[in-house]
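Scroll down for the structure; my scribbles are underneath it.
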Amino acid sequence: MASSFEKFQRRRLISSYFSVILSIALVLFLLGLLGLLVLNSKKVADHFKEQIALTIYLKDDAKDVEVKQLEKTLALADYTKSTQFVSKEEAAEEHSKEIGENFMDFLGYNPLQNSIDVYLKADFVDAAQVKEIADNLLAKDFVEEVNYDQPLISLLNDNIKKISLWIVIISGVFTLIAVLLINSAIRLSVYSKRFTIKTMQMVGATKGFIRRPFIWLSMKLGMVGALIALGGMAAVLYYLNQTFPELELLADPVILAILFVGVFVASVIITWFSTFLATQRFLNLRTDELYY
1 MASSFEKFQR RRLISSYFSV ILSIALVLFL LGLLGLLVLN SKKVADHFKE
51 QIALTIYLKD DAKDVEVKQL EKTLALADYT KSTQFVSKEE AAEEHSKEIG
101 ENFMDFLGYN PLQNSIDVYL KADFVDAAQV KEIADNLLAK DFVEEVNYDQ
151 PLISLLNDNI KKISLWIVII SGVFTLIAVL LINSAIRLSV YSKRFTIKTM
201 QMVGATKGFI RRPFIWLSMK LGMVGALIAL GGMAAVLYYL NQTFPELELL
251 ADPVILAILF VGVFVASVII TWFSTFLATQ RFLNLRTDEL YY
């Protein structure tokens with residue numbers, strides 16, 4: 001009979017530990033993903049900014065030496081990420097594919113122009129700076145037109161600012177929720193041993209002596225939960241890096257290491273603090289108050 005009771009108690013204890021570890025792991029996993037989002041939000045924003053092209057249309061009488069010189073100048077410019085020369089023949093072929101027929105058959109000539117697509121660095125994708133760049137290029141005699149999507153640039157920058165603000169707000173709220181959830185899991189674990197705490201106190205054990213094993217156990221559970229969460233974060237990070245290599249999510253290993261260490265340290269600090277408060281609460285209760 002006693003053996004069966006001990007097995008039941010052991011199973012219940014293991015189930016309690018498992019619940020605490022799972023709760024901590026899930027909360028830290030989500031908190032870590034949010035940290036990854038915050039750290040890489042600028043990379044994602046820069047990636048979208050750098051997809052916007054500024055197209056320079058060249059006059060038909062533009063000399064090859066002038067075009068080559070312009071390409072070299074653009075390649076060396078601070079604002080340029082990459083350039084691509086598109087001949088009028090290539091543009092006609094691409095346009096024919098888009099409309100599904102060769103428009104030159106009934107026009108009899110190619111109305112398109114040679115052009116250079118300039119992809120700007122993210123820091124220069126701003127309405128005022130792009131306009132200044134376009135005006136400087138238009139000042140060249142052999143440049144017919146400079147075309148770019150100004151409304152899209154303004155809309156993109158405005159949305160990025162709004163999204164960044166909301167990410168900061170959500171990060172703060174979610175961090176608070178994470179602390180409260182872990183704190184609740186720890187308090188429930190300590191609550192199940194409230195009579196043990198009071199018994200030890202009644203036989204003369206000091207508060208520090210009583211708290212120590214509870215704090216150490218909770219910290220170990222927090223470490224296990226943190227390791228599970230970090231494993232999940234690593235798997236998600238690897239998958240995203242394979243799916244979106246252009247974001248270069250693994251380009252800053254030091255930053256990632258700081259994030260992973262931060263999640264682990266956070267689990268230790270939160271579990272220590274939560275256990276301290278929970279045990280302190282039951283240590284300060286009278287014996288008759290433990291039943292409520």
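Residues 1 to 292 in full-length UniProt numbering are what the sequence shown lists, from first letter to last. Here a beta-carbon is modelled for each residue, glycine too, at the ideal position from N, C-alpha and C.
Asked                                                                                                                                : Found
DSSP state of residue 277 mapped onto helix, strand, coil                                                                            : helix
Range covered by the alpha helix (DSSP H) that runs through residue 210                                                              : 207-243
Entirely enclosed beta strand (DSSP E) segments - the stretch 39-95, minimum 3 residues                                              : 53-58, 80-86
Residue 147 (DSSP reduced to helix, strand or coil)                                                                                  : strand
Residues of its chain near residue 267, where Cβ-Cβ distance is below 7 angstroms and the 5 sequence neighbours each way are ignored : 24, 28, 222, 223, 225, 226
Residue 296: first and last residue of the uninterrupted alpha helix (DSSP H) it sits in                                             : No statement about residue 296 is possible, as the shown extent of the chain runs from 1 to 292 and does not include it.
Residue 136, buried or exposed, once every other Cβ within 10 Å from all chains shown has been counted against 16                    : exposed
Distance between residue 35 and residue 193 (C-alpha atoms, nearest Å)                                                               : 35 angstroms
Burial state of residue 72 (16 or more Cβ within 10 Å)                                                                               : exposed
Residues near residue 300 in its chain [Cβ-Cβ closer than 6 angstroms; skip 5 each side]                                             : Not covered by the structure: residue 300. The range shown for the chain is 1 to 292.
Beta-bridge pairing of residue 118 - partner residues as DSSP gives them                                                             : 54, 83
Burial state of residue 159, where buried means 16 or more other Cβ atoms lie within 10 Å                                            : exposed
CA nearest to the CA of residue 163, picked from 30, 55, 19, 40                                                                      : 40
Extent of the continuous alpha helix (DSSP H) to which residue 198 belongs                                                           : 194-202
Whole-number beta carbon distance between residue 52 and residue 115, since they are thought to touch under 8 angstroms              : Not confirmed; about 15 angstroms, so no contact.
CA-to-CA distance, residue 44 to residue 93, given in whole angstroms                                                                : 32 angstroms
Distance, residue 156 Cα to residue 166 Cα                                                                                           : 15 angstroms
Anticipated Cβ contact below 8 angstroms, residue 197 with residue 177, distance rounded                                             : Between residue 177 and residue 197 the Cβ distance is about 28 angstroms, and since that is not below 8 angstroms, they are no contact.
Presumed contact (8 angstroms Cβ cut-off) between residue 174 and residue 58, rounded CB distance                                    : In fact, because the Cβ distance is near 51 angstroms, the residues do not count as touching under 8 angstroms.
Spatial distance of residue 37 from residue 170 (CA atoms)                                                                           : 11 angstroms
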